[in-house]
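Contents: one structure, followed by commentary.
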Amino acid sequence: MSRRLPVSWPDCVRSRIGSCLSEPLNRAFTLVPHWVWGLSEHDVSVLTHTHPSLTGRRAVHLTDLHLDRYYPRHDRIIETMRELHPDWIFITGDLPNIPEGLPYLFRFLERLHASAPAYMTLGNHDHYR
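Residue numbers for the sequence shown, in the working numbering: 77 to 205.
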């Protein structure tokens, strides 16, 4: 049985304003695809944890792809995944910002899946869609 936590009215207002503003702004930015805000390159952090039953296995975690268009940096992420030789790829949320980004996301995921099985969960940007 799931139990829903009470949400304060300021949180509801902030969420509604963010939802109403995010899609028009994301659509406006897709009109100028050469403007890339935020990270234009990916970053790789290596963390090593040992657990007897997972010895020799490698997991990769990707997050916040915000894949509204397909850029050369996405090919570089795919190449990095091939070089890392992961056993699993975990992707946590914020996949596209707008529904028009889905074909680009599917293209990316299809190429990524050639490296290892991929498991995903949705993020706050994904639930609005």
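We treat Cβ as the ideally placed atom computed from N, Cα and C, and that holds for glycine. Model, not experiment: these values are computed from the prediction.
Check: Whether I167 touches T139 by CB criterion (8 Å); Outcome: yes
Check: Residue environment, N200, which counts as buried when at least 16 other CB atoms sit within 10 Å; Outcome: exposed
Check: Cβ contact check for the region 127 to 143 and the region 152 to 166: 3 or more pairs under 8 Å; Outcome: yes
Check: Span of the beta strand (DSSP E) around I153; Outcome: Unbroken run through I153 is the alpha helix (DSSP H), 148 to 160; no beta strand (DSSP E).
Check: Residue from E117, S91, D170, L107 whose Cα sits closest to the Cα of P148; Outcome: E117
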